[in-house]
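Report on the structure given below.
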Amino acid sequence: MSQYAKEEWKKIIAFTKWHQSFSPYQVIALERTVTSAKYRFAGTFDALVYKAGKRYILDWKTSRTFQESFLLQLAAYATAAEEGGVAERIDGSAIVHLGTRHKEGFSFIEQDRKEIKKNFKLFLSAYAIAKTKEN
1 MSQYAKEEWK
11 KIIAFTKWHQ
21 SFSPYQVIAL
31 ERTVTSAKYR
41 FAGTFDALVY
51 KAGKRYILDW
61 KTSRTFQESF
71 LLQLAAYATA
81 AEEGGVAERI
91 DGSAIVHLGT
101 RHKEGFSFIE
111 QDRKEIKKNF
121 KLFLSAYAIA
131 KTKEN
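The following block contains the structure:
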């Protein structure tokens with residue numbers, strides 16, 4: 001009897017397929033918490049990798065559907081990573097969405113530096129709304 005459920009196996013296999021398709025890359029950090037003193041938030045990304053001369057923040061998701069808010073979250077991580085000195089420059093970020101209905105079992109949703117800057121502005125707006133609701 002397997003220690004993993006069928007859905008868990010699907011996600012493990014999807015991760016393996018993603019890894020094979022994305023290689024070679026060098027892992028710089030895993031499960032790294034970053035903070036922004038300037039904007040007063042913190043979060044933890046799954047991986048910071050170096051590939052083809054560029055640094056990328058990656059986050060693995062296993063939800064049923066992709067949410068646009070995932071990209072805002074990654075933009076916040078990238079900004080905090082640069083601010084906190086985790087990386088001098090983040091060139092891109094991506095969601096590795098595991099267990100999808102795609103043929104490969106995963107989807108890879110990237111954003112470049114320009115998109116990170118745009119999505120960080122959206123993150124700040126959403127963050128301001130959330131903080132208003134707290135008070």
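The sequence shown begins at 1 in the working numbering and counts up by one.
Ideal Cβ positions, reconstructed from N, Cα and C, are used throughout, including at glycine.
Rounded to whole angstroms, the separation of the alpha carbons of G43 and V34 is 6 angstroms. According to the DSSP secondary-structure assignment, S107 is paired through a beta bridge with H97. Inter-residue distance for F15 and F106 is about 7 angstroms (C-alpha atoms, whole angstroms). Here Y77 is buried, its C-beta having at least 16 other C-beta atoms within 10 Å. Excluding five sequence positions before and after K11, the CB atoms of its chain that fall closer than 6 angstroms to its own CB belong to T62, L98, G99, given in chain order.
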